[in-house]
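First residue of the sequence shown: 52, per my numbering; consecutive thereafter.
Quick reminder that beta carbons are idealized off the backbone N, C-alpha and C, glycines included.
Accompanying notes for the structure given below.
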Amino acid sequence: MRLRGLVILVALALAGCGQQRLDDLLVPCPTLVLPADLADLTRHQPGAQPDLSTLILDARVTGIEGSCRRGRRDLSIDSTISVRFQMDRGPAAETRAVQLPWFIALLDAQTNQVLTRQSFVMNGQFAVNTTRANVTSQAVEISFPVSADRRIQDYRVMVGFLLTEDEVALNRRRGPR
């Protein structure tokens, strides 16, 4: 008798997993873009010849995690995005604390025009006697307005480091890693 009651409870619980919940699991996300030119951050001592002895920090984006869900009244798609970084401390680093400047930009998928952009600073810390660390950003919430005229596929999300012209040039010379 107890088994029958348990089976009925399980059946009722599964009945709550109707079509609406399945639809929520199948919500599409916009395309994520990580340009190779903006995926690495290499910092040397200011004014010094860039070589290993002047290296302060070498960091890279190692992953982007995201999820999407339906917004209120199906007028938006709400997304949560976080970014993973790997940092290597160079011999010229004077402190174990680092700051990684990065950004998220929303692009129109057809024109590549930047619709909006937000900058962040990821604070990282190397443990004692270590030269490598991994950090993950806090989750960033983004709401994409959608309608019959504007689908989620009409957006792209670009992630990258905020770099100087010299840092971008170094990444282009070095190529993707």
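Kindly give me the distance between the Cβ atoms of G211 and A90, rounded to whole angstroms, as I take these residues to be in contact under 8 Å.
As a working mapping, residue 211 is identified with position 160 in the sequence shown. As a working mapping, residue 90 is identified with position 39 in the sequence shown. Their Cβ separation, rounded to whole angstroms, is 6 Å, which keeps G211 and A90 in contact under 8 Å.
Short check: CB of D205 to CB of D159, under 8 Å?
Counting from 1 along the sequence shown, the entry for residue 205 is found at position 154. Counting from 1 along the sequence shown, the entry for residue 159 is found at position 108. The answer is yes: Cβ separation under 8 Å.
What residue range is occupied by the uninterrupted beta strand (DSSP E) comprising E116?
For the purposes of this step, residue 116 is taken as residue 65 along the sequence shown, with counting starting at 1. Unbroken beta strand (DSSP E) run through E116: 106-121.
Indicate whether the contact test is met: 3 or more Cβ pairs, each with one atom in the region 91-105 and one in the region 113-120, closer than 8 Å.
no
Residues in its own chain within less than 7 Å of A144 by CB, not counting five upstream and five downstream?
Walking along the sequence shown from the start, residue 144 turns up at place 93. Excluding sequence neighbours, A144 sits near I107, L108.
Looking at R135 and T215, is the spacing between their C-beta atoms short of 8 Å?
Here residue 215 is taken as the residue at index 164 of the sequence shown, counted from 1. Here residue 135 is taken as the residue at index 84 of the sequence shown, counted from 1. Contact: no.
Using the C-alpha atoms, what's the distance from I193 back to T131?
Residue numbering aside, residue 131 sits at position 80 when the sequence shown is read from its first letter. Residue numbering aside, residue 193 sits at position 142 when the sequence shown is read from its first letter. Each residue's Cα considered, the two are about 6 Å apart.
Tell me the DSSP secondary structure of I59 in three-state form.
Reading the sequence shown from its first residue, position 8 is the one you call residue 59. Bear in mind that a pLDDT of 43 at I59, under 50, signals an unreliable position, so the number given afterwards is only what the model happens to contain. Here I59 sits in helix by DSSP.
Return the first residue and the last residue of the beta strand (DSSP E) that N185 is part of.
As a first step, residue 185 is located in the sequence shown; it is residue number 134 there, counting from the start. 183-187 is the span of the beta strand (DSSP E), which, as asked, contains N185.
Using a Cβ-Cβ cut-off of 6 Å (strictly less than) and excluding sequence neighbours within five positions of A110, which residues of its own chain qualify?
Reading the sequence shown from its first residue, position 59 is the one you call residue 110. So the list reads L92, F136, M138, L151, once near-sequence residues are dropped.
Roughly how far, in whole angstroms, is the beta-carbon of R168 from the beta-carbon of A184, given that I think they are within contact range, below 8 Å?
Taking the sequence shown and counting its residues from 1, the one referred to as residue 168 is at position 117. Taking the sequence shown and counting its residues from 1, the one referred to as residue 184 is at position 133. That pair is no contact at about 27 Å.
Quick check: what's the CA-CA separation for L65 versus R228?
Indexing the sequence shown from 1 puts residue 65 at position 14. Indexing the sequence shown from 1 puts residue 228 at position 177. With a pLDDT of 43 at L65, under the threshold of 50, the predicted position of this residue should be treated as unreliable, though the coordinate-derived value follows. Taking the straight line joining both Cα atoms gives about 46 Å.
Alpha carbon to alpha carbon, what distance is there between T181 and T162?
Position 111 of the sequence shown, counted from the first residue, corresponds to residue 162. Position 130 of the sequence shown, counted from the first residue, corresponds to residue 181. If I take the Cα positions, the gap works out to 44 Å.
Would you say I203 and P79 are within 8 Å of each other, going by their C-beta atoms?
Taking the sequence shown and counting its residues from 1, the one referred to as residue 203 is at position 152. Taking the sequence shown and counting its residues from 1, the one referred to as residue 79 is at position 28. Yes, these two residues count as a Cβ contact at 8 Å.
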